[in-house]
Amino acid sequence: MKQRHSIYTAVCAGILLTAPILTAVTGVQAAEANQASTSSLVSSASSSQAAQSTSSSSVSQSSISSSQSTAKVAQSSAPSASTASAKETTTVTAPLKTDYQAAITAGANQILGGDYQSAWGALAIVQAGIKLTDSQKEAYRAVLKADVESMISDDRFTPTDLERTAIGVTAIGDDATNFDGINLIAKITENIKKTGINGQIYAIVALSMKDYGTEANQTIDDMIQVLLKAQNQAGGWSFGGSKSDLDITGMAMTALGMHRDQAGVQTAMDRATAMLKTTFLKDTGGFLIPSAFSKIENANSIAMTIMGLMANDVDPATIVGDNGANPISRLLAFQKADGQFRWVFDSDMGALAMSTEQSVYALDQYQFMKAGKGSIYNFKTAAPVDPVDPTDPTDPTDPTDPTDPTDPVDPVDPVDPTDPVEPITPTNPTTTVDATLVNKSLSATIAPVKDMVATEIKNGQFTGSDVIFGAARTNQLSKVQIKTLYNQMLVESKAGNISRPNDIARVILNLQAMGINPTEFAGRNLVNELYQTKDVTKQGTYMTATILLALVSGHYQAPTNAQFTVKDLVQYLVTEADDYGNAGWGYETDGVFIKDLDTTAIATIALKTTVATAQTYPLTDQLISETNELLKNSTAYIQSAQMTDGGFGYAGATTSNSNSTAMAIVALSTMGIDANTVKNGGDSALAALLKFQGNDGIFKADYSTSMAMGQALLAMKAYQLNAAGQGSVYDFVANPATPFYPAKVPDTITNPVPVPKKGIDQTKTAPLTIPGTTDDGNSGSTDVGFLPQTGVKTAVASSVIGLVLVVGTLGVLRKKSVKEA
């Protein structure tokens, strides 16, 4: 149960990006900008802020979402709030959906039918009026207990973790003051000073669910004053900077709405309501504040905005646009036939489990408002909705991890280092102790990675998965798994879900990590398709870096009809860094440029990997010189951002997280720096990362354990490659994966050794395969050896091939005869 829960952590916090980051992101993802990984608290965290860290493991894959700042996720670009894409505008021509009650039932049963449980899911189900059976309640209780036990074993009681758990505990009817031997309420009040805006918001929510006494009430009052002071001039709130964010504003209003009788609260609520109405999109009925984190609408942000409006007694359905479109009808339009809610309107990519939870409990709140029942978070005296018998979904869909995270964790106004230190001289770690610890850590990930990969396969939505990428790079995928993943990716391709540049880039990286040629994917040359994409640099820094990595990872050359070149992307990143003092990258808020570690890390990795293969691309000496100077500065910034515990965190955060720490290690390793020597008075960066790993082998995360696991795997692989002097973990020519051929090899082999594409692995070896079935179930091919791809004349190659085939055939016949004998 604990492992299942770890696969999906319902928290999107002030979130990568981010993804979103993240979701997005990036994640953030199908989102296109910086998103940093968020606090584990917020299932309701700013989806627009996510994505990054992805930190990207696929590129990161980062982040993150925000940076998905719990992982920054980059989102697809849209011109502006007033000019939604043509694809989105056309969607309102269909009849508007209005049956929110049917949507609640379908969504709640989808959550209930999944094989994961979370605090947010419990809230959504219970307040939908569905009565949990004893076994269902026990399943949720077990997950929440696992959360508490994890806090105790790590001796790490973060407010967001405590608040999320307290909300779930209260939702299932248990006592948050005495749950598994812990007084969650007391722990929240004791640790409240260690959090940022997400933790401040949900402290008010968690402590207001019931009457918890004087100390809790004082904390509520204190946090209300903090939020009132944090409201910006426009009337909204954000995780950093002065530009309002839909998710954070909606969440802040939800918390403040429970205390509108306090001085200053109603005025703040009215100002926030006025601001939100200015972000309404008449053509769709949704809301949008274009930013570096999110340039398109998403269900999470709409759900949180709706929550905020209802907290001020504003019926969202009364805000009407073209053809009767309103926020409720728009949110309902995101729902699929199976009850899930998409994150992005026309795509099944991203954290559908999270968007489903947030959408359902937002609709729960709408149902509460229509019935005059107050807040869904009020468990003091409000009578529950009459329970109905749950219906079993016919084909429940499991949650997926965002490519790009979506909400940053508890950020505060970031402070850039004023005197960045010089980067450490690259060294190669050689101590056996360090190598042993990393190997031990990798060994501990085998079991949980197997479970996570199985979940990804079951979900079927993993084209940009961090854990798949990390598992592949650390050789933890079997041929059976690779074949299954490949086949399901074919389904995604046929469904049109691999078409946007960020999606194509992630697929290229994942395919290469699995040993599959992305230039021959289901009749598609994904590399050429990516090169032929227009306006690539409008995807944001994080995704531009990801796209650059996808192209240079295989040393891929641009076709004659390319819309851009590798040189163009390098020049773009170099130019973008000017806004950040030529010492990193980040995001812009109201004209203020804020450096961010996850975005800086992924851009540093991309540029260094490119410069290392500069002979493949026509980069000028001047551009290479400018890039190297920038890399020197960005590396210094990364090192200066290290916290005293040895880890790294999101922009402005006061605590480190595994996602950002992993991304920093990948960047440092790519730059040739030993992450085990980078310290700031405490543990090394490598030691700090390993401390995030629990006894179950899983790396703890604020946003997604699957993303955290994938990025940690990538960091350890990058560390090992640097120790061996083998360059970037993203260079598949220098560090190739074992080739895998999805299609069955024909009985007559006319050309067993594939002809290499220009610039792709021309000096490496390719496995020779013959028809057969391996023990691992990869029917159709059996590896029998390797043949050089260069320096061998055709005649010699043919002779060698014939000899190998003869020997292989004789071997098979001999085994057969022995077996028959």
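Heads up, the sequence shown is in my numbering, so the first residue is 1 and it goes up one at a time. Even glycine gets a Cβ: it sits at the ideal position worked out from N, Cα and C.
Just to confirm, does residue i get its C-beta within under 7 Å of one of the non-hydrogen atoms of the ligand NAD?
i	result
ASN300	No copy of the ligand NAD occurs in the structure displayed, which carries no ligand at all.
Using the rule of at least 16 other Cβ atoms within 10 Å of the residue's Cβ for burial, across every protein chain shown, is residue i buried or exposed?
i	result
VAL169	buried
THR763	With a pLDDT of 34 at THR763, under the threshold of 50, the predicted position of this residue should be treated as unreliable, though the coordinate-derived value follows. Counting Cβ neighbours within 10 Å, THR763 comes out exposed, since fewer than 16 surround it.
SER625	exposed
ILE104	buried
GLU629	exposed
PRO448	buried
ARG260	exposed
VAL507	buried
SER465	buried
VAL148	buried
PRO742	buried
ASP683	buried
THR254	buried
LEU689	buried
SER37	For SER37, the pLDDT reaches just 34, beneath the cut-off of 50, and the residue's location in the model is therefore unreliable, although a value from the coordinates is still provided. SER37 comes out buried.
GLY523	exposed
ALA505	buried
LYS277	exposed
GLN726	exposed
VAL491	exposed
ASP245	buried
SER153	exposed
Hey, quick one: how far does the alpha helix (DSSP H) through residue i stretch, first residue to last?
i	result
GLU297	Looking at the DSSP string, GLU297 is not in any alpha helix (DSSP H), and its letter there is neither H nor E.
ASP677	Before going on, a small fix: residue 677 reads as Thr here, not Asp. Unbroken run through THR677: none, as it is neither H nor E.
ARG271	265 to 277
VAL467	466 to 473
VAL360	352 to 370
GLY113	100 to 113
PRO198	Correcting the residue identity first, residue 198 is Asn in this sequence and not Pro. Here the alpha helix (DSSP H) through ASN198 covers 197 to 208.
MET643	That residue, MET643, is in no alpha helix (DSSP H); it is neither H nor E in DSSP.
GLN512	501 to 513
ILE482	479 to 494
ASN722	705 to 723
GLY229	Residue identity differs from the one stated: residue 229 is Lys in this sequence, not Gly. Its alpha helix (DSSP H) spans residues 214 to 230.
ASP247	246 to 256
Between the Cα of residue i and the Cα atoms of the options, which residue gives the shortest distance?
i	options	result
GLY285	MET310, ASP270 and LEU331	LEU331
LEU281	PRO327, MET307 and SER242	PRO327
ALA166	TYR100, ILE638, ARG141 and ILE547	ARG141
THR323	LYS97, LYS691, THR738 and GLY652	The sequence shown places Asn at residue 323, rather than the Thr named in the question. That would be LYS97, whose Cα lies nearest to the Cα of ASN323.
ILE224	LEU511, GLN266 and ALA186	GLN266
VAL678	PHE692, GLY694 and THR661	THR661
TYR572	ILE319, ALA545 and GLY250	ALA545
SER238	VAL536, PHE648 and THR249	THR249
ILE130	ALA108, THR189, SER478 and GLY113	ALA108
ASN217	GLN110, ILE192 and VAL666	ILE192
ASP115	ASN459, GLN365, THR705 and PHE287	ASN459
THR273	ILE516, VAL314 and LYS538	VAL314
ALA435	ASN487, VAL143 and LEU721	LEU721
ALA472	MET716, SER658 and LEU256	MET716
VAL570	LYS373, ASP596, SER135 and TYR542	TYR542
PRO618	GLY646, ASP155, LYS440 and VAL566	VAL566
Tell me the DSSP bridge mates of residue i?
i	result
PHE564	In the DSSP output, where bridge partners are listed per residue, PHE564 has none listed.
TYR587	ILE594
ASN657	PHE648
PHE732	DSSP output for PHE732 lists no bridge partner at all.
PHE825	Residue 825 falls outside the range modelled here, since the chain spans only 1 to 821, and no answer is possible.
GLN693	PHE699
PHE179	ILE182
ARG524	PHE521
PHE341	GLN335
SER684	LYS679
Counting only C-beta atoms, is residue i closer than 8 Å to chain C at any point?
i	result
VAL467	In summary, chain C is missing from the structure at hand, where a single protein chain is found.
Is there contact between the stretch 329 to 347 and the stretch 297 to 311, where contact requires at least three CB pairs shorter than 8 Å? Counting C-beta pairs with one atom in each stretch, the stretch 329 to 347 and the stretch 297 to 311 have three or more that are closer than 8 Å, which means they touch.
Taking three-plus beta-carbon pairs below 8 Å as touching, is the stretch 133 to 148 in contact with the stretch 369 to 381? No, the stretch 133 to 148 does not touch the stretch 369 to 381.
Is it a yes or a no for the stretch 197 to 206 touching the stretch 548 to 556, going by three-plus beta-carbon pairs under 8 Å? Under the 8 Å Cβ criterion, the stretch 197 to 206 does not count as touching the stretch 548 to 556, having fewer than three qualifying pairs.
Does the stretch 220 to 234 come close enough to the stretch 170 to 189 that 3 or more CB-CB pairs lie under 8 Å? Remark: fewer than three beta-carbon pairs, one from each stretch, lie closer than 8 Å, so the stretch 170 to 189 and the stretch 220 to 234 are not flagged as touching.
Spell out a yes or no on whether the stretch 610 to 620 and the stretch 714 to 734 are touching, meaning 3 or more CB-CB pairs, one atom from each, closer than 8 Å. As far as the Cβ criterion goes, the stretch 610 to 620 touches the stretch 714 to 734, which means the pair count is three or higher.
Is the number of C-beta pairs between the stretch 528 to 536 and the stretch 583 to 590 that are closer than 8 Å three or more? No, the stretch 528 to 536 is not in contact with the stretch 583 to 590.
Three CB pairs or more closer than 8 Å across the stretch 435 to 450 and the stretch 690 to 699: With the cut-off at 8 Å, the stretch 435 to 450 and the stretch 690 to 699 touch.
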